[in-house]
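Data block below; observations after.
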Amino acid sequence: MAIEKVEKIWMNGKLVPWDEAKVHILTHALHYGSGVFEGIRAYQTDKGPAVFRLTDHIKRLFRSAKIYSMEIPFSVEDLIEATKSTVRENKVESCYIRPVVFRGYGGMGLNPTSVPVDVAIAIWPWGAYLGEESLEHGVRVKISSFRRNEPNAIPPAAKACGQYLNSILAKLEVTAAGYDEAVLLNSQGYVSDGSGENIFAVRNGTIATPPIASGALEGITRDSIIKIAQDKGYKVRMRYMVRTDLYLADELFFTGTAAEVVPIHSVDDREIGDPGPITRDLQKTFFKAVKGEEPKFI
Ligand code: PMP
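Number 65 in the working numbering belongs to position 82 of the sequence shown; there are no gaps in the numbering.
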């Protein structure tokens, strides 16, 4: 997907012109994937752009860095302020925000402890990740033959750069076969999540989503949807799911910062159908929440 250029990118403490936000070819993370990142959105509100659950995203960035023993040379508060100023200075109404913390230039090899840690925050306007149509009509998904990373190989609990090779394999496989998005099972065969989204299934009025231990990312949209659903009085269960739980669902949907809340129309060509009433209800409230119209879910 093309990137729409804005004016400035925050790098290691200051805003620099977009075209000057560069790294050396011997950047450690380019060779070994040794970075962690976040995906955040700012939405247009009456009071200007508002970043949805910024503190939770920055805290997850620090948790990802902890898993890889990366010392971030800034505080949570510093990166919250840096994110806000990057959005403000670029004068956008809404945008996607990509903070990235990576092992930079100054050493090679697999012991990265002497390599400096760099931090950047880029923003750009980004519409619906799976297409505007997807929000209305849903997507066609396929279960990938690639399994989700094992927690004892490359922990899915982190949002680490190199780990996304796994999602890229899945995405390439299913899009080449004509589907919109991939679902990954873990190595035991339980459903984990999409290539970049959490998944929810509704059956007989009860909403279920795989637990984090199944290899799903601790999604912030997932958490918002759970809170919204519980507040509306729906039963929500975190439980292990197999592929047939997806085939036999009354409703299915993805959640994610980039994707937002996207209904799933079919899985492996088993029809789920048009977006159901619970999906619609949660989607509607979610879009109000991100625009600041549902203060209890901000
Ligand atoms: N699973 C994976 C693998 C992801 O990459 C993402 C996107 N960060 C999600 C789930 C959804 O997480 P969030 O709602 O925090 O964006």
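Glycine included, each C-beta is placed from N, C-alpha and C at the ideal position.
Source: prediction; values computed, not measured.
Compute the distance between the beta-carbons of residue i and residue j, then report whether it is under 8 angstroms.
{"i": "Val100", "j": "Val84", "result": "yes"}
{"i": "Ser175", "j": "Pro139", "result": "yes"}
{"i": "Pro56", "j": "Cys78", "result": "no"}
{"i": "Ala103", "j": "Trp(-7)", "result": "yes"}
{"i": "Ala143", "j": "Gly275", "result": "no"}
{"i": "Val244", "j": "Gln266", "result": "yes"}
{"i": "Phe291", "j": "Val219", "result": "The structure shown does not extend to residue 291, since the chain is modelled only from -16 through 281, so no value can be given for it."}
{"i": "Ser150", "j": "Gly110", "result": "no"}
{"i": "Arg81", "j": "His11", "result": "no"}
{"i": "Ile211", "j": "Phe280", "result": "yes"}
{"i": "Tyr230", "j": "Ser197", "result": "no"}
{"i": "Gly121", "j": "Pro258", "result": "yes"}
{"i": "Ala184", "j": "Leu113", "result": "no"}
Would residue i be called buried (16 or more neighbouring beta carbons within 10 Å of its own) or exposed?
{"i": "Ala(-15)", "result": "exposed"}
{"i": "Leu168", "result": "buried"}
{"i": "Thr204", "result": "buried"}
{"i": "Arg253", "result": "exposed"}
{"i": "Lys30", "result": "exposed"}
{"i": "Gly18", "result": "buried"}
{"i": "Asp228", "result": "buried"}
{"i": "Phe(-9)", "result": "Going by the sequence as given, residue -9 is Lys instead of Phe. Counting Cβ neighbours within 10 Å, Lys(-9) comes out buried, since at least 16 surround it."}
{"i": "Asn132", "result": "buried"}
{"i": "Glu164", "result": "buried"}
{"i": "Glu115", "result": "exposed"}
{"i": "Ser117", "result": "buried"}
{"i": "Val225", "result": "exposed"}
{"i": "Gly202", "result": "buried"}
Per DSSP, residue i is paired with what?
{"i": "Tyr79", "result": "Arg24 and Trp107"}
{"i": "Ala272", "result": "In the DSSP output, where bridge partners are listed per residue, Ala272 has none listed."}
{"i": "Ile126", "result": "Val166"}
{"i": "Val84", "result": "Val19 and Val102"}
{"i": "Val250", "result": "Val124 and Arg253"}
{"i": "Thr96", "result": "None; Thr96 has no bridge partner."}
{"i": "Gly239", "result": "Glu243"}
{"i": "Ala143", "result": "Val19"}
{"i": "Glu234", "result": "Val185"}
Just to confirm my understanding: we take residue i, look at its own chain, exclude 5 residues before and 5 after, and list those with CB closer than 6 angstroms. What are they?
{"i": "Arg186", "result": "Ala232 and Asp233"}
{"i": "Glu156", "result": "Ser127"}
{"i": "Ile208", "result": "Thr238 and Leu265"}
Does residue i have its Cβ less than 8 angstroms from a Cβ in chain D?
{"i": "Thr227", "result": "Among the chains in the structure shown there is no chain D, since it carries only a single protein chain."}
Which same chain residues, not among the five before or five after residue i, have their C-beta less than 7 angstroms away from its C-beta?
{"i": "Arg130", "result": "Leu167, Leu168, Asn169 and Ser170"}
Ignore the nearest five residues each way along the sequence and tell me which others in residue i's own chain have a CB closer than 8 angstroms to its CB.
{"i": "Thr38", "result": "Val59 and Ile63"}
{"i": "Glu(-13)", "result": "Trp107, Pro108 and Trp109"}
Only counting runs of 4 or more residues, tell me where the alpha helix (DSSP H) segments fall wholly within the region 145 to 223, in order along the chain.
147 to 159 and 203 to 214
If you scan the region -10 to 20 from start to end, which runs of the beta strand (DSSP E) of 3 or more residues do you find wholly inside it?
-9 to -6, -3 to 0 and 18 to 20
Beta strand (DSSP E) runs contained entirely in the region 24 to 49, provided each spans 3 or more residues:
31 to 34
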